[in-house]
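Have a look at the structure below, then the notes.
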Amino acid sequence: MTDPDRIRPPQGHFIAGRLQPDAAALAVLRPSDGRPWAELPVADAATVDQAVQGAHTAFERSDWARGAPRDRARVLRRWADLLEADAPALAALEGVGSTRPLRDAAAWDVPFTAEGIRYFAEWADKLGGDVAATRQDHLGLVISEPYGVVGAITPWNFPLVMASWKVGAALAAGNAVVLKPSELTPFSAIRMAELAVEAGLPPGLFNVVQGDGRATGEALCRHPLVGKMTFTGSTRTGAAIMAACAQHGPKPVTLELGGKSPQLVFDDVPDLDTLAGLIVGAITGNAGQVCVAGSRLIVQRGVAPALVERVVRRMRAFRPGATWDAAAWAGPAPLAPIISAVQAARIGAIVQAARDAGAELLCGGARFDDGPGGAYWQPTVLHSVDASNPAVREEIFGPVLTVQTFDTEEEALALAAHPDYGLAAGVHTADLARAMRLMRALKAGTVWVNRYGRSHDFALPTGGWQRSGIGKDLGRQALEANLRLKTVLFGF
Ligand code: NAD
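Per full-length UniProt numbering, the sequence shown starts with residue 1, numbered consecutively.
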């Protein structure tokens, strides 16, 4: 078992290619046991200005944007190799400081981060423009150019992966980046940036400023040299960032926000045991702290009792496991901690409000009282909830599943529709025509049919509809979102 006391995170900001110390201002706790781990500076407007000015200078003076795109790709690929080679150290930082088990951080988060960077690298020399249809004595060109400095703000649930999607796309498109990671999980981003410089990225092209949303995040959005903001986090913060970008720009935003994703199950599904495992996995992975968590089970009446019974049985099997406890994570149903006691209290308040509004508790409903010190929430199933129930309406960001039943496809669609969110949805049916109808009718940025969750499909753009977001991460679209178009017309 890794001794978390031996893992020391890098201190300070990462500006112009090196660590820059700053006075400690915030305590960073270890989610697994709730104990203090390190201290964090909070970059003020002057420090953010220094990072952005430096990024702007690096963008203007280096060959990153001006030079051959294949040279960019080569550096990014080398960076991906270094990230993989550094997996044990990166996974230790990620594992001790976040809700990600060390085992999974080494086996999934770090390789997924590296492979994502490679995916973006491969786009670097494939982002040409267009020749427009013009008169014979004209030549019209549409050229893609980087914004200059892209500001990125990321959440705490998958710190490395979320950062890599923002930073990889922005750099591959030729931009410089200033990243502000979540103040709850701030350190792995610094290690990422150090490795980028080691891989040959010109200093100043990838900077990390530490701090909270109010001081550091807002200063980044406001900065006049930040040409575009890209954000992943809650819908409320996304709206604040958009407002700041409107007031201090206007400048474009990519927003990957919250969700309340339904899983629709029809009576004709062939294998209830496998499906129950999939439903449970989609709400307990990372203890439900996943933007696309399948948090609303909407199940046809005939199959509901048998499926719900299987789901509840599996939900009851989970045991809390510190992220660094290899034995716990080798067990049959390990559960990650909730990021903080504050977040666990919020989960508790919503579950209580749901029960007050008439929800029936089938399992869970409280914190584990025998965990290794952090906040661990028992996987919870709430039945008999209507569309206005708080557990159906609000993104809980914990292992809490609601169950609603229906008779007809129309009822299923009506239940699936959420007034605010439209991030993802799952459809489970053996009827191909029904799957096709629902795939078109569901209002969500991603629809999974007879499966749930992402795989290594970097070519598939991800992003929400409605209040779940604007724009896409991943895919060609993520690259395009980091470029602006210039139209050129020659007359001859
Ligand atoms: P959050 O909105 O509280 O914070 C996200 C980031 O924004 C942090 O770095 C924070 O410091 C910063 N921030 C806060 N206030 C700010 C402000 N006024 N100006 C600028 N920056 C500010 O979100 P969180 O709790 O860290 O993450 C959980 C949320 O993220 C959930 O809602 C989840 O659904 C969402 N999420 C979405 C996706 C997606 O792809 N759609 C992926 C992961 C997480």
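Every residue, glycine too, gets a C-beta built ideally from N, C-alpha and C. Quick caveat: nothing in here was measured; it's all calculated off a predicted structure.
query, result
"With C-beta atoms as the reference, is Val290 less than 8 Å away from His428?", "no"
"Who does Pro146 pair with in a DSSP beta bridge?", "Leu483"
"Taking Ser188 as part of the alpha helix (DSSP H), name the residues at either end of that continuous run.", "188–198"
"Given this structure, state the Cα-to-Cα distance separating Pro9 from Ala444, to the nearest angstrom.", "38 Å"
"Measure from the alpha carbon of Ala43 to the alpha carbon of each residue in Gly398, Gly217, Ile347, then state which is nearest.", "Gly217"
"Check whether the Cβ of Ala51 sits closer than 7 Å to any heavy atom of the ligand NAD, and report yes or no.", "no"
"Contact between the segment 167–174 and the segment 478–485: three or more CB pairs below 8 Å?", "yes"
"With hydrogens ignored, establish whether the beta-carbon of Pro181 is closer than 7 Å to any heavy atom of the ligand NAD.", "yes"
"Where does Phe397 fall in DSSP's three states?", "coil"
"Comparing C-alpha positions only, which one of Ala353, Pro461, Gly426 sits nearest to Phe266?", "Gly426"
"Could you tell me if the beta carbon of Met192 falls within a distance shorter than 7 Å of some heavy atom in the ligand NAD?", "no"
"Within the present structure, is the beta-carbon of Asp104 separated from the nearest heavy atom of the ligand NAD by less than 7 Å?", "no"
"Do Gln352 and Ala366 have their beta-carbon atoms positioned less than 8 Å apart in this structure?", "no"
"Could you check how far apart the C-beta atoms of Ser468 and Leu257 are, in whole angstroms? I think they sit under 8 Å.", "5 Å"
"Between Ser388, Gly67, Glu60, Pro334, which lies nearest to Leu102 when the distance is taken from Cα to Cα?", "Pro334"
"When you compare only the Cα positions, how much space is there between Pro419 and Trp465?", "11 Å"
"Can you tell me where the alpha helix (DSSP H) holding His383 begins and where it ends?", "Careful: His383 lies outside any alpha helix (DSSP H), inside the beta strand (DSSP E) at 380–383."
"Considering just the uninterrupted stretch of the alpha helix (DSSP H) at Gly211, what are its terminal residues?", "Unbroken run through Gly211: none, as it is neither H nor E."
"Could you tell me which residues DSSP puts in a beta bridge with Asp473?", "Thr462"
"When DSSP labels each residue in this structure, what does Glu360 get in the three-state scheme?", "strand"
"Near Leu272, what residues of its chain come up, given a Cβ to Cβ distance below 8 Å and the 5 sequence neighbours on each side ignored?", "Val303, Ala306, Leu307, Arg310"
"Out of curiosity, what's the CA-to-CA distance linking Asn482 and Ala359?", "45 Å"
"Measure from the alpha carbon of Tyr119 to the alpha carbon of each residue in Arg100, Gly128, Ala80, then state which is nearest.", "Ala80"
"Check whether the Cβ of Leu474 lies closer than 7 Å to any heavy atom of the ligand NAD, and answer yes or no.", "no"
"Taking 8 Å as the threshold (beta carbon to beta carbon), is Gly12 in contact with chain D?", "Included in the structure is just one protein chain, with no chain D present."
"Suppose contacts are defined by Cβ-Cβ distances below 8 Å. Is Ile470 in contact with Ile396 by that definition?", "no"
"Could you pull out every unbroken beta strand (DSSP E) segment of at least 3 residues lying fully inside the segment 251–287, listed in chain order?", "253–256, 261–265"
"Decide if the segment 10–21 is in contact with the segment 197–216; the criterion is three or more beta carbon pairs, one per stretch, under 8 Å apart.", "yes"
"Assign Phe492 to buried or exposed, taking buried as 16 or more other Cβ atoms, counted over all protein chains shown, within 10 Å of its Cβ.", "exposed"
"Measuring CA to CA, which of Gly321, Trp329, Pro332 is closest to Ile338?", "Gly321"
"In the DSSP assignment, what are the bridge partners of Pro36?", "Leu29"
"According to DSSP, is Gln289 helix, strand or coil?", "coil"
"Report the CB separation of Glu194 from Leu40 in whole angstroms; it is logged as a contact under 8 Å.", "Glu194 to Leu40, Cβ: 17 Å. No contact."
"For the beta strand (DSSP E) containing Leu179, list its first residue and its last residue.", "176–180"
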